[in-house]
Amino acid sequence: MMRLALGLSALVAVLFIGSLISGYSHVPPWKALAALFADDGTPVTIVMREIRLPRALLAVMVGASLGLSGAALQGYLRNPLAEPGLIGVSGAAALGAVLAIQTGLSLSFALALPLTALGMAVLAVLLILALAGPRGASITLILAGIAISALASALTSLVLNLSPNPFAAADIVFWMMGSLADRSFAHVWLAMPFMAIGWALLASVGRGLNALTLGEDAAQAMGINLRALRLRLILGTAACVGAATAVAGAIGFVGLVVPHLLRPMVGARPSTLLWASALGGAAMVLAADIAVRELLPDRDLKLGVLMALVGAPLFLHLIYKTRKELA
Amino acid sequence: MTFAAFSDLTVTRGGCPVVDHVTARIQPGECIGLIGPNGAGKTTLMRAVLGLQPAQGHSSLARLPGPDRARAVAWMPQSREIAWPVTVETLIALGRIPHLPRGARPQPADQAAIDAAIARMGLDSYRHRTATQLSGGEQARVLIARALAQDTPLLMADEPIAGLDPANQIATMQVFADLAAEGRSVIVSLHDLGLAARHCTRLLLLDRGRLAADGPPDSVLSADNVKRVFGVSAFYEQTAQGPVFQPMQVTR
Chain A
1471 MMRLALGLSA LVAVLFIGSL ISGYSHVPPW KALAALFADD GTPVTIVMRE IRLPRALLAV
1531 MVGASLGLSG AALQGYLRNP LAEPGLIGVS GAAALGAVLA IQTGLSLSFA LALPLTALGM
1591 AVLAVLLILA LAGPRGASIT LILAGIAISA LASALTSLVL NLSPNPFAAA DIVFWMMGSL
1651 ADRSFAHVWL AMPFMAIGWA LLASVGRGLN ALTLGEDAAQ AMGINLRALR LRLILGTAAC
1711 VGAATAVAGA IGFVGLVVPH LLRPMVGARP STLLWASALG GAAMVLAADI AVRELLPDRD
1771 LKLGVLMALV GAPLFLHLIY KTRKELA
Chain B
1348 MTFAAFSDLT VTRGGCPVVD HVTARIQPGE CIGLIGPNGA GKTTLMRAVL GLQPAQGHSS
1408 LARLPGPDRA RAVAWMPQSR EIAWPVTVET LIALGRIPHL PRGARPQPAD QAAIDAAIAR
1468 MGLDSYRHRT ATQLSGGEQA RVLIARALAQ DTPLLMADEP IAGLDPANQI ATMQVFADLA
1528 AEGRSVIVSL HDLGLAARHC TRLLLLDRGR LAADGPPDSV LSADNVKRVF GVSAFYEQTA
1588 QGPVFQPMQV TR
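These protein sequence lines map, in sequence, to chains A and B. Here the first sequence stands for residues 1471 to 1797, numbered as in the numbering used here. Here the second sequence stands for residues 1348 to 1599, numbered as in the numbering used here.
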């Protein structure tokens, strides 16, 4: 376990530096890093401190949030196909962003879009808690999530459908693809408190998730308070995913693929998988965000698009492997 | 001292009582077989006793706070769920969760309890196997070992020997009888009345939610009770090799 932790941390560190030295303006890596630490009075320092550093930080935060909440949801639902989008929060956050773009609110001040997205995410959480009830099994959570996702995506389509302004519609479509381009420290500070709360909540569910390996009845008989566990899980996932979607748009597959990839390496223990998936998610989003800048530097390739392009075949490969193991 | 006491325990489902005013006390050193036809309320009664199922009446275990209850009683549900491909040893170690403060590492005492549970169920050669790849009967034995690792005064198991081969059925019942001889208590639901007669010190006979009989096997398994509750006739005799119970014919 120690070696995996060190290995993943090293990977994140290397990719973080990689993210800092890749970008549109071609500056030698050592010079770029020097400009980050010492203000040399050139635009390089501004680029490094105001553009690349927040972008790399956001990649780590968003990746860790998505990986962590994916691992937590899979552990809770005891289903390797669960992903953070399942509880409908990312769909609702996207709807909030779409409304902000459509109404022009997003132009009024810098954080209008992520704030609206967060607001809708909070609304979705309240709706889920009301729908899924205080008691009840994990199945009601899935059903409530599907219902809210469907409603959010229908409303998003409605906004696009009725949009009188083709530019707003194009903006919406591009935003929904997910990206970390042109983000600033304002986005970091907006997302940080929500994500920190989400990480703290999800870090506390490990013991309960381990017990749930034996089913809900056995876990409860081992002294796990399932109601408290579920509440922490819903709020933690919502805080993580809502904040991630609010600042970066919809980025799929991280929460699904990362826990799946790392599960064999942690001996399938749900609690160990939590931190491993947080690190793995951070590494994956950092790598993808480097790739979108290096592959097509002139064509704003969207992070979410690349992630799905890489993630879907990877997932197919995993399914193929699992199928062979089961046969 | 009693390990558990419940009185007038009643569970209604759709206006119909599934468990109907059941009262009993569990003393140390008892190996209790919970018997009754399908749908008699065995599982519901055990879940109500544990507080996993809302019920009217009184149950001493259900009133305990969750963590305290987990140190007083271990529970092996009928659905033998193993969600993730963890090793057998990791799975059995889950039984130590109630004894470990949040985030604490297992102590030597925990490892000793895990090793003892593995030894009792004869699973030493399975230690590093993946639990989900074992056969159904092997998984059942691993899950019994998990409950044993919880190291509680009382163990409750819902049909733990269903699907086991004869040798393992007898060995598992012997483990339960040994636990009782050591001063712990076991409540086990089962359909094999022959094994119940041989290994249990006391039987609780449930009939449509009501406690039809409670006592030592030879009084509970009377020809009249067996005919009335199960609808079968039976051969039951004390032999040189212990009691032999064999259901013979359907009478209804």
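Built from N, CA and C at the ideal position, the CB exists for glycine as well. Just so it is clear, the structure is predicted and the values come from calculations on it, not from any experiment.
Subject >> Strand pairing of B/Asp1505, partner residues [DSSP] >> reply: When DSSP reads this structure, B/Asp1505 sits in a beta bridge with B/Ser1536.
Subject >> For B/Val1366, the first and last residue of its enclosing beta strand (DSSP E) >> reply: Start and end: Cys1363 to Ile1373.
Original post:
Quick one: what's B/Phe1353 bridged to in DSSP?
Top reply: Looking at the DSSP output, B/Phe1353 shares a beta bridge with B/Ala1371 and B/Ser1406.
**OP:** Quick one: residues in its chain with C-beta nearer than 6 Å to the C-beta of A/Val1711, no 5 flanking neighbours on either side, listed in chain order?
**Re:** If we look at A/Val1711 and ignore the five residues flanking it on each side, its Cβ neighbours are Ser1539, Pro1554, Val1559 and Ser1560.
**OP:** Starting from B/Trp1422, follow the beta strand (DSSP E) in both directions and report where the run begins and ends.
**Re:** Boundaries of the beta strand (DSSP E) harbouring B/Trp1422: Val1420 to Met1423, taken from the DSSP string.
**OP:** Please list, in chain order, all residues of the same chain as B/Asp1498 whose beta carbon is under 6 Å from its beta carbon, the five residues on each side excluded.
**Re:** Here the set comprises Ala1460.
Original post:
Should A/Arg1769 be flagged as near chain B, meaning a C-beta pair shorter than 8 Å?
Top reply: Residue-level contact check: A/Arg1769 does not touch chain B, since none of the beta carbons of chain B fall below 8 Å from its beta carbon.
Subject >> Backbone CA spacing between A/Met1803 and B/Leu1381 [nearest angstrom] >> reply: Outside the shown range of chain A (1471 to 1797) lies residue 1803 of chain A, about which nothing can therefore be said.
**OP:** Determine, using beta-carbon pairs with one atom in the segment 1501 to 1513 of chain A and one in the segment 1714 to 1729 of chain A, whether at least three such pairs fall under 8 Å.
**Re:** The segment 1501 to 1513 of chain A vs the segment 1714 to 1729 of chain A: no contact.
Subject >> Cβ-Cβ separation, A/Leu1784 to A/Gly1533 (assumed contact under 8 Å), whole Å >> reply: Not a contact, Cβ separation roughly 15 Å.
**OP:** State the DSSP-derived secondary structure class of B/Leu1552, mapped to helix, strand or coil.
**Re:** Reduced to three states, the DSSP call for B/Leu1552 is strand.
**OP:** Check whether the segment 1626 to 1642 of chain A touches the segment 1570 to 1580 of chain A, taking contact to mean three or more Cβ pairs, one atom from each stretch, closer than 8 Å.
**Re:** Three or more beta-carbon pairs separated by less than 8 Å link the segment 1626 to 1642 of chain A to the segment 1570 to 1580 of chain A, which places the two stretches in contact.
**OP:** Using a Cβ-Cβ cut-off of less than 9 Å, give me the residues of the segment 1689 to 1706 of chain A that come near chain B, in sequence order.
**Re:** Answer set for the segment 1689 to 1706 of chain A: Ala1689, Gln1690, Ala1691, Met1692, Gly1693, Ile1694 and Asn1695.
**OP:** Answer yes if the segment 1501 to 1512 of chain B comes into contact with the segment 1416 to 1435 of chain B, meaning at least three C-beta pairs across the two stretches below 8 Å, and no otherwise.
**Re:** Yes: the two stretches touch, three or more of their Cβ pairs being nearer than 8 Å.
Subject >> Nearest-angstrom Cβ-Cβ length linking B/Pro1445 and B/Ala1464, presumed shorter than 8 Å >> reply: Contact check for B/Pro1445 and B/Ala1464: beta-carbon distance about 14 Å, past the 8 Å limit, so the pair fails to qualify.
Original post:
Any beta-carbon of chain A closer than 8 Å to the one on B/Pro1414?
Top reply: Judged by the 8 Å Cβ criterion, B/Pro1414 is in contact with chain A.
Subject >> Cα-Cα separation, B/Pro1589 to B/Arg1467 >> reply: Inspection of the sequence shows that residue 1589 of chain B is occupied by Gly rather than by Pro. The straight-line gap from Cα to Cα measures roughly 23 Å.
Original post:
Under three-state DSSP, which class holds A/Phe1637?
Top reply: Looking at A/Phe1637 - three-state DSSP - the assignment turns out to be helix.
Original post:
Applying the criterion that 16 or more other CB atoms from any shown protein chain within 10 Å of the CB defines a buried residue, is B/Asp1457 buried or exposed?
Top reply: Looking at its Cβ environment, which holds 16 or more other Cβ atoms inside 10 Å, B/Asp1457 is buried.
**OP:** Output yes if chain B places a C-beta closer than 8 Å to the C-beta of A/Gly1548; else output no.
**Re:** The sequence as given places Arg at residue 1548 of chain A; Gly does not occur at that position. Proximity of A/Arg1548 to chain B, defined by a Cβ-Cβ separation below 8 Å, is satisfied.
Original post:
When you compare only the Cα positions, how much space is there between B/Ala1528 and B/Ala1492?
Top reply: For B/Ala1528 and B/Ala1492, the distance between alpha carbons rounds to 18 Å.
Original post:
Closest Cβ-Cβ distance between B/Leu1481 and chain A: below 8 Å?
Top reply: Judged by the 8 Å Cβ criterion, B/Leu1481 is not in contact with chain A.
**OP:** Write down the C-beta distance between B/Ser1406 and B/Ala1395 rounded to the nearest angstrom, noting that I regard them as a contact closer than 8 Å.
**Re:** Here B/Ser1406 really is in contact with B/Ala1395; their C-beta atoms are around 7 Å apart, less than 8 Å.
Original post:
Thinking just about the alpha-carbon of each residue, which of A/Val1530, A/Leu1585 and A/Leu1771 is nearest to the one in A/Phe1486?
Top reply: Residue A/Val1530 is the option with its Cα nearest to A/Phe1486.
Original post:
What number of angstroms, rounded off, separates the C-alpha of A/Leu1776 from the C-alpha of A/Gly1477?
Top reply: Using only the alpha carbons, I get a separation of about 25 Å.
Original post:
Using the rule of at least 16 other Cβ atoms within 10 Å of the residue's Cβ for burial, across every protein chain shown, is B/Lys1389 buried or exposed?
Top reply: Residue burial annotation: B/Lys1389 is buried, with at least 16 other C-beta atoms found within 10 angstroms of its C-beta.
**OP:** With B/Pro1445 as the anchor, note down where its alpha helix (DSSP H) starts and where it stops.
**Re:** No alpha helix (DSSP H) contains B/Pro1445, which DSSP labels as neither H nor E.
Original post:
Any beta-carbon of chain B closer than 8 Å to the one on A/Gly1648?
Top reply: Chain B, which has no Cβ nearer than 8 Å to the Cβ of A/Gly1648, makes this no.
Original post:
When you compare each of A/Leu1632, A/Gly1537, A/Val1497 and A/Ala1567 to A/Phe1644 by their alpha carbons, which one comes out closest?
Top reply: Closest by alpha carbon: A/Ala1567.
**OP:** Determine which residues of the segment 1421 to 1436 of chain B have a Cβ less than 8 Å from any Cβ of chain C, and write them out in chain order.
**Re:** No chain C appears in the structure shown, which is made up of the protein chains A and B.
**OP:** Determine the DSSP secondary structure at B/Tyr1473, reduced to helix, strand or coil.
**Re:** Helix at B/Tyr1473.
Original post:
If you run the structure through DSSP and keep just helix, strand and coil, what is A/Tyr1494?
Top reply: DSSP places A/Tyr1494 in the coil class of the three-state scheme, outside both helix and strand.
Original post:
Got a sec: which bits of the segment 1532 to 1552 of chain B sit with their beta carbon under 9 Å from any beta carbon on chain A, in order along the chain?
Top reply: Going along the segment 1532 to 1552 of chain B in chain order, one finds no residue with a Cβ nearer than 9 Å to chain A.
Subject >> B/Leu1501 versus A/Asn1695 - alpha carbon distance >> reply: So the alpha carbons of these two residues sit roughly 21 Å apart.
Original post:
Is A/Pro1729 close to chain B, meaning its C-beta is less than 8 Å from at least one C-beta of that chain?
Top reply: Look at A/Pro1729: its C-beta is not under 8 Å from any C-beta on chain B.
Subject >> 8 Å Cβ cutoff met for A/Ala1587 and A/Thr1715 >> reply: Their beta carbons are under 8 Å apart, which means A/Ala1587 touches A/Thr1715 by this criterion.
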